[in-house]
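K.L.:
Heads up: the sequence shown begins at 1075 in our numbering, then just goes up one per residue.
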Amino acid sequence: MKTLIITLIFCLSAIAAPAPFIHSEGTTFIGLNGPNDTEAYFGIPYAQAPVGNLRWKAPRKIRLGSRVVAQRMGPVCAQQWNLFSNVGPDFEGQAVGSEDCLYLNVWKPRQNASYKRPVFFWIHGGSNTKGTANDPNYDGAWFAQHNDAIFVSVNYRLGLFASFIHPSLDTGNKLDNAGNHVTLDLIMALHWVKTNIENFGGDPDNIVIAGQSAGCMNVWGLLQSPMAKNLFNGAICSAGLPNAYPKLVIEERSDNLLYDLLVADKIVKDTDEAKAWVRKQGPQTIRKYLLSKSAAELLAIPRFIVPTQHVSDGTVLPFDGLASVMTGRYNRVPLILGSTIDEATYLVGAAMFKPTEGDLFRMLNSGRSYARSDIIKDEYLATFNGITRSSSIGLSNSLESIAQSLRVFNPNIYKYQFTWKDTAEPWKGIFGAFHGIDAIFYLGNFVEDRPHFAKFAWRPSNKKSREELRDHMSQYFKSFLHHGDPNEGHHGKEWSNYSRSGHTFRF
């Protein structure tokens, strides 16, 4: 009986394992025991909620209490429903998420180490108008354990909440009026990491920022901003180009949004009347009107295709985007640049698809077989491959040109191209090695038990090849995290330094 009682107590204690906790800067963070022998700390606020009078202002520091229950991810940042919103397609056409979204997540190996682990700071993609760090493809447990690292993912403001400049909102504060809330949010999150991550077992002097697509564009934003100098020590940038637009472009778009709102509210009949109305009003009236609008009302205004979340404002980003990078005016750190061989199949190809975005999401997650003609509009069946292939080559050539300029100033650049495309038809022939699949591999997540934009890619017949390639990539990315060189510490094929060789590595 005594043995039975002891065994029962042991089993119950194993089932109800105590939640892990970490003390940092006067706050106790209470997390969760995660998979892959990790601890996870979800939904940690790194700035005040940018709502009410803080909408369209630079992030403000937040004072946390003595105890934060970090067991649930924060909200998705406000956006129109899309493939990457991390909610089901029943919300198609609706606003999802919240403006109160400045939260980050931390994963760490459960076993403490006698040394400080490198920190991987992940910035999600989504054209800077959509997506979230909460996506299951961006779970940090596998990466943290297999790369002996601390994984941090971050949500940041998107779309018109991230880039908006209007005279009625002018506070005289350069940062509030910069229109660069994406970069400022990420800088604020990096300051949180610098201050707190050592208490999570991380090395504040070895932080590698990383992102794919718009996440990569935002890596470029941090590389370009003097305000981010010394906040990170390396960068991984997958399929994104540096950019920064003149303030005039953002001001024009902000004006157009205001005019469209006035028309939608039936305050005026058309744009000309809207312009006249604005000229008659004082800045206080316009400011009050803009701040009174709900997130859903703002998101209902037609969106712009090209994201403009980087502005040459003179302070956050003092120079033009591409010009600053190509002339060496950026924060020079060891750098991995990457892309897939078929980047344009979704980026450009989506405009040639028959299904709505919601129906496409259902098809990607159904597990059913489809004909090519079920996906591609009839008029593009013959030309789809040619259009997307030429567009992919164009993007690849653009990245190559940028890399060639970078190597003049940066001695530690490594470049790759991802080629794996062993998915089922018709997806293999339509998507190939699609935009974003490379990041899924180096992050390590082949999510098969939840719906998401890439679930179609995983099937039993490719399990061996994808897991082998994931482990192969992990060797190099782990070495880069720990040493700033993807070759150090293992005996795989050498990944030549692009700065010296001009060679692109193939995965």
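Where is the CB? At the ideal position from N, CA and C, for every residue including glycine. No experiment lies behind these values; they were computed from the predicted model shown.
Threonine 1034: buried (16+ other C-beta within 10 angstroms of its C-beta) or exposed?
P.N.:
Nothing can be reported for residue 1034: it is not among the residues displayed for the chain, which extend from 1075 to 1581.
K.L.:
Could you check which residue in Asn1459, Pro1278, Asp1559 and Glu1347 has the C-alpha nearest to that of proline 1500?
P.N.:
Of the candidates Asn1459, Pro1278, Asp1559 and Glu1347, the one whose C-alpha sits nearest the C-alpha of proline 1500 is Asn1459.
K.L.:
For isoleucine 1271, does the three-state DSSP call read helix, strand or coil?
P.N.:
It is helical.
K.L.:
Go to proline 1241, then tell me how far its beta strand (DSSP E) extends in each direction, as first and last residue.
P.N.:
No beta strand (DSSP E) contains proline 1241, which DSSP labels as neither H nor E.
K.L.:
Output the distance between the C-alpha atoms of tryptophan 1569 and leucine 1232, rounded to the nearest integer angstrom.
P.N.:
Taking the straight line from one Cα to the other gives about 35 Å.
K.L.:
Lysine 1354 lies in the alpha helix (DSSP H); which residues open and close that run?
P.N.:
It spans 1345–1354 - the alpha helix (DSSP H) in which lysine 1354 sits, taken as one unbroken run.
K.L.:
What span of residues does the alpha helix (DSSP H) with glutamine 1549 cover, start to end?
P.N.:
1537–1557 is the extent of the alpha helix (DSSP H) around glutamine 1549.
K.L.:
Please go through the same chain and pick out, in chain order, the residues whose beta-carbon is closer than 8 Å to the beta-carbon of glycine 1563, but skip the five residues on each side of it.
P.N.:
Around glycine 1563: Lys1552, Ser1553, His1556 and His1557.
K.L.:
Going by DSSP, what residues sit across from arginine 1141 in a beta bridge?
P.N.:
The partner list for arginine 1141 (beta bridge, DSSP) reads Thr1102.
K.L.:
Excluding five sequence neighbours on each side, which residues of the same chain lie with their C-beta closer than 7 Å to the C-beta of glycine 1167?
P.N.:
Cβ within range, chain order: Trp1155.
K.L.:
What did DSSP end up calling serine 1227 once you bin it into helix, strand or coil?
P.N.:
It is a strand residue.
K.L.:
Please classify histidine 1255: does DSSP put it in a helix, a strand, or coil?
P.N.:
The answer is helix: DSSP assigns histidine 1255 an H, G or I state.
K.L.:
Give me the Cα-Cα distance between tyrosine 1177 and phenylalanine 1194, rounded to the nearest whole angstrom.
P.N.:
Those two C-alpha atoms are separated by around 16 Å.
K.L.:
Among Asn1307, Leu1234, His1240 and Thr1257, which has the Cα closest to the Cα of lysine 1268?
P.N.:
That would be Asn1307, whose Cα lies nearest to the Cα of lysine 1268.
K.L.:
Between isoleucine 1449 and isoleucine 1504, is the Cβ-Cβ spacing less than 9 Å?
P.N.:
It is a contact, given that the beta carbons lie within the stated cut-off.
K.L.:
Taking C-beta to C-beta, are serine 1475 and serine 1413 nearer than 9 Å?
P.N.:
Contact flag unset, no.
K.L.:
Suppose you measure from the CA of proline 1163 to the CA of phenylalanine 1435; what does that come to, to the nearest Å?
P.N.:
Approximately 7 Å between the Cα atoms of the pair.
K.L.:
Tyrosine 1488 bridges to which residues according to DSSP?
P.N.:
Answer is Ile1410, bridged to tyrosine 1488.
K.L.:
What are the partner residues of threonine 1578, as DSSP defines its beta bridges?
P.N.:
Lys1489.
K.L.:
Rounded to a whole number of angstroms, what is the C-alpha to C-alpha distance between valine 1228 and proline 1376?
P.N.:
Approximately 26 Å between the Cα atoms of the pair.
K.L.:
Note the first and the last residue of the continuous alpha helix (DSSP H) segment covering isoleucine 1467.
P.N.:
1458–1483 is the extent of the alpha helix (DSSP H) around isoleucine 1467.
K.L.:
Apply the 10 Å Cβ neighbour rule to histidine 1565 and answer buried if 16 or more other Cβ atoms are within range, or exposed otherwise.
P.N.:
So histidine 1565 ends up on the exposed side.
K.L.:
In the DSSP output, what is proline 1560 paired with across the bridge?
P.N.:
The partner list for proline 1560 (beta bridge, DSSP) is empty, contrary to what the question assumes.
K.L.:
In whole angstroms, what is the alpha-carbon distance linking glycine 1423 and alanine 1507?
P.N.:
The alpha-carbon atoms of glycine 1423 and alanine 1507 are separated by roughly 13 Å.
K.L.:
Under 9 Å between the Cβ atoms of glutamine 1145 and glycine 1171?
P.N.:
No; because the gap between Cβ atoms is not below 9 Å, this pair is not in contact.
K.L.:
Got a sec? Which residues, its chain only, sit under 6 Å from alanine 1088 by beta carbon, not counting five neighbours each side?
P.N.:
Per-residue confidence for alanine 1088 stands at a pLDDT of 41, beneath the threshold of 50, marking its modelled position as unreliable; the derived number appears in the next sentence. There are no such residues.
K.L.:
Runs of 3 residues minimum, wholly inside the region 1397–1452: which ones carry the beta strand (DSSP E) assignment?
P.N.:
Entirely contained in the region 1397–1452, the beta strand (DSSP E) runs reaching 3 residues are, in chain order, 1409–1414.
K.L.:
What is the DSSP secondary structure of threonine 1497, counted as helix, strand or coil?
P.N.:
It is coil, neither helix nor strand.
K.L.:
Could you give the residue range of the alpha helix (DSSP H) that holds cysteine 1290?
P.N.:
Its alpha helix (DSSP H) spans residues 1288–1298.
K.L.:
Using C-beta distances below 7 Å, list every residue in its chain close to leucine 1234, excluding the 5 sequence neighbours before and after it, in chain order.
P.N.:
Around leucine 1234: Leu1331 and Leu1372.
K.L.:
Suppose the cutoff is 6 Å on Cβ atoms and the five residues either side in sequence are ignored; what does the same chain contact list for phenylalanine 1217 look like?
P.N.:
So the list reads Phe1225, Leu1517 and Gly1518, once near-sequence residues are dropped.
K.L.:
Under three-state DSSP, which class holds asparagine 1179?
P.N.:
Of the three classes helix, strand and coil, the one that applies to asparagine 1179 here is strand, per DSSP.
K.L.:
State the beta-bridge partners of serine 1386 as determined by DSSP.
P.N.:
Paired residue(s): Pro1320.
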